[in-house]
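Residue numbers (my numbering): 41 to 266. What follows is a single structure, written as structure tokens, with notes after it.
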Amino acid sequence: MSKHQPQTPLAQNIVNWLYPITVLGLFTITVEAPLLAALLLLKTSWLKVLLVWLFLLPVGPVATTAIAIAGRFLRTQTPGLYLDAWRFMRQHGSEALRLWLPTWIFSLPLWAYSQGVLSASNRWLFVLIPLLFVIALLLLLLQTAVWMINANFTFPYWDYWRLAIGGFSAKKLTFFANLLLTLIGFAIGAWFSPLLLIVLSSCLLVPMVALDQPLLAWVKANFIKK
């Protein structure tokens with residue numbers, strides 16, 4: 041037997057990385073098509089900011105579904121993403137929506153402020169807006185863990201948030217990885233464009249699914265009956 045194992049060609053390694061990212065990118069873009077259309081067609085005003093905010097309501101169920109399907113696809117690379125997504129949405133969509141509501145509510149003043157609808161001359165904004173940004177950042181950070189747990193397990197409502205906090209406490213590396221991805225997404229969405237964030241979401245989705253595997257393993261080992 042040869043001592044040297046055959047090595048996978050570099051081109052094949054690149055294809056192995058690009059294929060799931062490309063497929064999941066196309067999948068993410070198509071399921072987020074209504075959000076893309078809304079952000080492309082609407083300009084800045086209070087009414088239109090409210091309309092865009094309403095279009096952001098499905099983000100929670102869509103994100104949870106995309107994470108669930110992405111994790112499954114990265115493991116098996118089997119076709120049928122849209123059928124699997126439809127089934128998951130029917131079974132878990134309402135729960136994912138309830139888990140998204142706190143973050144969605146906090147997104148309204150931040151979205152309005154970032155679009156220049158709120159007057160920057162009001163002094164109270166210098167205190168309130170930074171506070172809301174901190175709360176929203178913490179919510180988004182927890183939301184990433186809640187999405188990940190909800191995409192893979194079923195628990196009572198408040199247990200998702202407890203597990204997210206406990207998981208980040210137990211897995212510090214996962215916490216900092218999610219914090220970095222959250223800061224990147226937060227900066228893109230708030231200071232550049234939510235449209236750009238949606239387009240780039242698949243680029244953040246794959247690393248988040250990969251980096252959160254220790255969190256899922258912790259939940260499974262400690263809270264799932266064998």
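Where is the CB? At the ideal position from N, CA and C, for every residue including glycine.
Cβ atoms of residue j and residue i: under 7 Å apart, would you say?
| i | j | result |
| --- | --- | --- |
| Leu221 | Val186 | no |
| Ala210 | Trp258 | yes |
| Ala152 | Val89 | yes |
| Leu245 | Ala110 | yes |
| Leu172 | Pro149 | yes |
| Leu123 | Pro101 | no |
| Thr214 | Pro170 | no |
| Leu219 | Leu181 | yes |
If you count every other CB in all the chains shown that lies within 10 Å of the CB of residue i, and 16 or more means buried, which is it?
| i | result |
| --- | --- |
| Leu179 | buried |
| His44 | The pLDDT assigned to His44 is 47, lower than 50, so where the model puts this residue is not dependable, and the model offers no usable value. |
| Ala250 | exposed |
| Gln183 | buried |
| Pro247 | exposed |
| Ala261 | exposed |
| Asp252 | buried |
| Ser134 | exposed |
| Leu94 | exposed |
| Arg112 | buried |
| Thr105 | buried |
| Val174 | exposed |
For residue i, collect the residues of the same chain with a Cβ closer than 6 Å to its Cβ; drop the 5 residues on either side in sequence, then sort them by chain order.
| i | result |
| --- | --- |
| Asn192 | Leu256 |
Going along the chain, which residues of its own chain have a beta-carbon closer than 7 Å to the beta-carbon of residue i, five neighbours each way excluded?
| i | result |
| --- | --- |
| Tyr200 | Leu139, Val186, Ile189 and Asn190 |
| Thr194 | none |
| Ala103 | Trp187 |
Span of the alpha helix (DSSP H) holding residue i?
| i | result |
| --- | --- |
| Phe195 | Element bounds for Phe195: n/a, residue is neither H nor E. |
| Ile224 | Lys212 to Ala227 |
| Lys265 | Where Lys265 is concerned, there is no enclosing alpha helix (DSSP H), given that its DSSP letter is neither H nor E. |
Query - Continuous alpha helix (DSSP H) assignments of at least 4 residues falling wholly in the segment 94-129 - result: 99-116
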